[in-house]
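Here the structure is laid out as structure tokens; the discussion comes afterwards.
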Amino acid sequence: PLLEWMPSGVVCLAYEPSTACLAVGRENGAIDLYHSDRDWLQLLRVPGYTSGSVRTLAWAEGGRLLSGGLDGFVREWDLGLLAPRQSLDSGGGAVWRMRAH
């Protein structure tokens, strides 16, 4: 086959109502974005980040997507480059849950 698709379980979700965008964090570290007003069209996929994991997602003001994981870092994602914009150490170990204000 040309493309071998490997399913990966969902570990977290975050919905942004103003853009109708659902972020889905997967076991393999990938983040998928879907548009709920367009029959759940997949908008993009951020590939799994080799040194990190995704265990929680949150949308911040201005449509910024944040993730936290077992490596203890909180990352803001650049959705144009499909890469972390910045990473901050949580200072307290794994990040299981978070909420942006």
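Just so we're aligned, residue 5 is where the sequence shown starts under my numbering, counting upward by one.
Even glycine gets a Cβ: it sits at the ideal position worked out from N, Cα and C.
Quantities reported herein were computed from a predicted structural model and do not represent experimental measurements.
Q | Nearest to PRO51 (by Cα), restricted to the options LEU92, TRP81, LEU45, GLY66 | A | Closest option to PRO51, Cα to Cα, is TRP81.
Q) Where LEU74 and SER22 are concerned, what is the direct C-alpha to C-alpha distance, given to the nearest angstrom? A) Their Cα atoms are separated by approximately 29 Å.
Q.
Quick test of your reading: VAL78 and LEU70, contact by CB under 8 Å. State the CB separation rounded to the nearest angstrom.
A. Rounded, the Cβ-Cβ distance is 6 Å, consistent with contact.
Q) What distance in whole Å lies between the Cβ atoms of HIS39 and ALA27, which are believed to be in contact at a cut-off of 8 Å? A) Not really, about 11 Å apart at Cβ, beyond 8 Å.
**Q.** Residue environment, VAL99, which counts as buried when at least 16 other CB atoms sit within 10 Å
**A.** Counting of Cβ neighbours within 10 angstroms places VAL99 among the buried residues, the total reaching 16 or more.
Q. Looking at ARG49 and ASP36, is the spacing between their C-beta atoms short of 7 Å?
A. With contacts defined as CB atoms closer than 7 Å, ASP36 and ARG49 qualify as a contacting pair.
**Q.** Length at least 3, wholly inside the region 65–102: the beta strand (DSSP E) runs in chain order
**A.** Segments of the beta strand (DSSP E) lying fully in the region 65–102: 68–72, 77–82, 87–93.
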